[in-house]
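Novice: Structure provided below as structure tokens; questions to follow.
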Amino acid sequence: MLTTVAAGRVFDYSYCIGMYGMSGQGFWSPQDFVFGEGDLIYVISRGVEEIGQRITRVTRDHQFLGQFGASGRGDGQFVWPRSIDLDSQGNVFASDDFLNRISIFDKEGTFLSSWGEVGSGEGELAGPSGIAFDGDDNLLVVDSANNRIQKFTKEGAFLGGFGQPGNGDGEFNLPWGICVDRAGDVYVADWKNNRVQSFDADGNFKVMFEGNDNGVGDLHGPTGVAVDSEGDVYITDWGNHRVQVFGSDGHFVTTLVGDAQQPSPWTQTYIDANPDIIKARRRANMEPEWRFRRPVAVNVDQNDSIFVLEAGRHRLQVYDKVKDYEEHSLNL
Amino acid sequence: MPDKEQIALMGHLMRRAGFGAARQELEERATKSYEATVEELLHPEEKPPIDEDILYRYMPGYEGALGPPINQAEWVYRMVNTERPLEEKLALFWHQLFATGNSKVDNPPEITQQIAMFRRQAFGDFRDLLVELAKNPAMIYWLDNNGNHNGAINENWGRELLELFSMGVGNYSEDDIKDASRAFTGWTIEPKIPRNPLGRFYWNFEYRPEDHDDGEKSFLGHEGRFNGEDIIDIVVKQPATARFLARHLYNFFVADEPQVPSWNINPPNDPDAIDQLVAAYDESDGNLRAMLRVLFNSDFFKNARFAHVKSPAELVVSTVRLAGNFEGPRPGFNSLAFECNYQGQELLNPPSVESWHTGGEWIDGGALVRRVNFAAGLMGDISLPGVKTIISDLKHRGATSPQEFVDGCLDLVGPLDFSEATKSELLDQATEDGGLNWESEAESEKSKQKIGVMLALIGASRDFQFA
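Same order as they appear, the protein sequences are chains B and P.
Going left to right, the first sequence walks through residues 1 to 332 as the working numbering numbers them.
Going left to right, the second sequence walks through residues 333 to 799 as the working numbering numbers them.
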């Protein structure tokens, strides 16, 4: 359904951005995105093998503004690009979980520097996955294969960390995504443990987000997490191809499954240019196209619109959290 | 501790029922017994499948990839990393037997789905496998059954079901083909969502009763208003089917046979072996696990060492497993897929429904150069983990003389049963190099280099082309 009403919340599907593209206009197995100045969005594509790795600059109204980064192991290049965030000056930080490094670009995409040493000691990285800046402009890195979170200055100086392997509170099994909410709490998608954990800024465990004994709120390989202005928590449930919504205390609220019934303008242009595709789409049951496929990252903007990135469909789906929704006539 | 012959026999089993195994694994398996290993291989459900979450987390572009070589690379990843070697080997066997090619299907993820179906059905009844095959969207498209309509039949699927997938030429009539085709009318594919510009959507089987010819049919002496499954029920009870399948299993797992198109004029190389497999088929009502149990425990299998030319996929995957440099997700599996292609085996894209010609026909001048360069390049790379293990084992054995050096390498790589001529050449090389010396760091380093050269020579040898 286009509008989801649950537990006092209303989520209204709005529109989608993007399509598949090996390069240029489009994304390819995108892994993460971040809001930039104005209506700018940076989307990082993983591609496959040595093709398609890049960061795309796109606006919320579908303007393709170019791309930067490329395939390779040199400066400003990627093998397995994974996550992206901006510092307070708008510089772009991107992780690569094969090269074990963080690459830094200015807001236009000019390469500035990189840092990261492989290993398991303090400040060393093994498969850096999600990254997120905290309120002090320090970078939190999900050091995935080391099953911990590490904090660095922007220049890569180690500041501290928390977490260890396991499945107890504050323990991780191949964690993936991370976010910092308005209060400074840290949320980590504990991927192989099928749950999300939140911590205070010092790394003390706070809340567990996971399915209950009856399977309600289940997660299978959660990847991304975001928190809105009211404290609701959005988790990309990658293995189940859906977004799970929880309250701030960890109680399950509802599920979003993807509702892109109307193709994005890029997609529509492609369709309109191919009469055979138009015919085929009129013959087929198109519902599978509407639904999320490998949702991988989620962010909430200042208006509590929820942007969900799909690695498997190479697009963003956008939902609005409607605050003034009323059902005037229940006997329709 | 198992003796050398027990380890050699285990090496033979693992080369054929899988893609080879490292020395330590061979010793552990041989300690448990040959028969126990056969049973373990026949029951893959006791081992974990490939962790697809891990695979698609690190290589998301592999899932439903738009085109080759990525889809081929995904399969190579599975072959290299599987803990269920016989299941994966059987997927390759069924792909070779039920050859379905991307040259026409133009949707490699759909053929990958077919391969996944082969894994699911690999150890069940041949009847169920054929039913699933008949419903498989890639096969339906490949052999035009989506164009096989009530009143306007397309015989492609019906013909190949009998000619190439079950009985073989000479065991049915043209009228049998026509009525088999009529029985499969209405077996088609749901309207498909186009692949672009949002990626692949899987195809689904659809049965349309309004397009099915429900009339009376005559098939192999049976009369009735047959549907597709009725045809398969009759097919799997034919003696020709048991014999055809037995010969395919023998050709793939035991020893190279003449090429399939000549089977109606060339008898099997070992008729007694085929009879044993046919008996297993008959006694088990066509159960594949039962046939394979007889095959792997038979003397004809145990005595057929190095009687099979490695297919490109077998050569590439077994060499990589030996070298140990492609464990788990990492970039570069596409290079292994390309290597299979260059050696003459495009996985997911066999040259025709008749499939690849096998045995000695894998080898021509160009393919041989690729095979030799690939195997020698990996085995001679002393930085690779599998090669390091061989070096370490040789050192641990205290191998020093040229003879010990050669014998040790052949033993640890296989054990390999090389011809006297090849062994003599390897010994000449070892003698010229002066054997191995582990007494100082400098001498040890030289010895490692010598072992690398020796292993590269083994990989480049004629004998190494055989499994």
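Ideal Cβ positions, reconstructed from N, Cα and C, are used throughout, including at glycine.
Here the structure is a predicted model, which is why all the values come from computation and not from measurement.
1. Any residues in the region 37-71 of chain B with a beta carbon nearer than 9 angstroms to a beta carbon of chain P? Which ones, in chain order?
2. Relative to the C-alpha of residue 213/B, which residue among 252/B, 308/B, 273/B is closest?
3. In chain order, which alpha helix (DSSP H) runs of at least 4 residues are fully inside the region 225-278 of chain B?
4. Which residues bound the alpha helix (DSSP H) around residue 580/P?
5. Curious, which full-length alpha helix (DSSP H) runs of at least 4 residues does the region 359-414 of chain P contain?
6. The alpha helix (DSSP H) that contains residue 286/B, what's its start and end?
7. Using Cβ-Cβ distances below 7 angstroms, what residues of the region 511-536 of chain P are close to chain B?
8. Give me the subset of the region 399-415 of chain P whose CB atoms are less than 8 angstroms from a CB atom of chain B, sorted by chain position.
9. Taking the beta carbon of residue 323/B as the centre, do at least 16 other beta carbons fall within 10 Å, making it buried, or is it exposed?
10. Going by DSSP, name the residue or residues bridged to residue 619/P.
11. Three-state secondary structure (DSSP) at residue 534/P?
12. Under 8 angstroms Cβ to Cβ from residue 37/B, same chain only, skipping five residues before and after it: list those, please.
13. I want to verify the contact list: residues of chain B whose CB lies under 8 angstroms from the CB of residue 395/P, in sequence order.
14. Label residue 262/B either buried or exposed according to how many other C-beta atoms from any shown protein chain fall within 10 Å of its C-beta, with 16 as the threshold for buried.
15. Just grab the DSSP bridge partners of residue 481/P for me.
16. Any idea if residue 165/B is buried or exposed, counting beta-carbon neighbours within 10 angstroms, 16 or more meaning buried?
17. So, helix, strand or coil for residue 651/P, using DSSP?
18. Counting only the same chain and skipping the five closest in sequence on each side, list residues whose C-beta sits under 6 angstroms from that of residue 172/B.
19. Are the beta-carbon atoms of residue 652/P and residue 710/P separated by less than 8 angstroms?
20. Look at residue 732/P and residue 784/P and say whether their C-beta atoms are less than 8 angstroms apart.
21. Less than 8 angstroms between CB atoms is the rule here; does residue 289/B satisfy it with respect to chain P?
22. So which of 764/P, 630/P, 396/P, 537/P has the shortest CA-CA distance to residue 345/P?
23. What are the start and end residues of the alpha helix (DSSP H) that includes residue 115/B?
24. Where are the alpha helix (DSSP H) runs, 4 residues long or more, that stay fully inside the region 190-216 of chain B, in chain order?
25. Of the choices 522/P, 517/P, 528/P, 340/P, whose alpha-carbon is the least far from that of residue 275/B?
26. Which same chain residues end up closer than 6 angstroms to residue 397/P when comparing Cβ atoms and leaving out the 5 residues on each side of it in sequence?
27. Starting from the Cα of residue 203/B, find the closest Cα among 220/B, 143/B, 150/B and give me that residue.
28. Give the DSSP-derived three-state secondary structure of residue 561/P in the structure shown.
29. Which residues in the same chain as residue 587/P place their Cβ atom closer than 7 angstroms to its Cβ, once the five residues preceding and following it in sequence are excluded?
30. Any C-beta of chain B within less than 8 angstroms: which residues of the region 669-691 of chain P qualify?
31. Could you give the C-beta distance for residue 480/P and residue 489/P, rounded to a whole number, given that I count them as a contact under 8 angstroms?
32. Can a CB atom of chain P be found closer than 8 angstroms to the CB of residue 166/B?
33. So which residues on chain B does residue 390/P lean against when the C-beta distance must stay under 9 angstroms?
34. What do you reckon, are the CB atoms on residue 83/B and residue 52/B nearer than 8 angstroms?
35. Contact between the region 424-440 of chain P and the region 675-687 of chain P: three or more CB pairs below 8 angstroms?
Specialist: Working from what's here:
1. 46, 47, 48, 49, 50, 51, 52
2. 252/B
3. 265-272
4. 571-581
5. 366-374, 384-390, 402-413
6. Element bounds for residue 286/B: n/a, residue is neither H nor E.
7. 523, 524, 525, 526, 528, 529, 530, 531, 533
8. 402, 405
9. exposed
10. 457/P
11. coil
12. 90, 107
13. 294, 312
14. exposed
15. 484/P
16. exposed
17. helix
18. 147, 163, 190
19. yes
20. no
21. yes
22. 630/P
23. Counting along the chain, residue 115/B falls outside any alpha helix (DSSP H), though it belongs to the beta strand (DSSP E) covering 111-115.
24. none
25. 528/P
26. 403
27. 150/B
28. helix
29. 601, 636, 639, 640
30. none
31. 6 angstroms
32. no
33. 80, 97, 98, 127
34. no
35. yes
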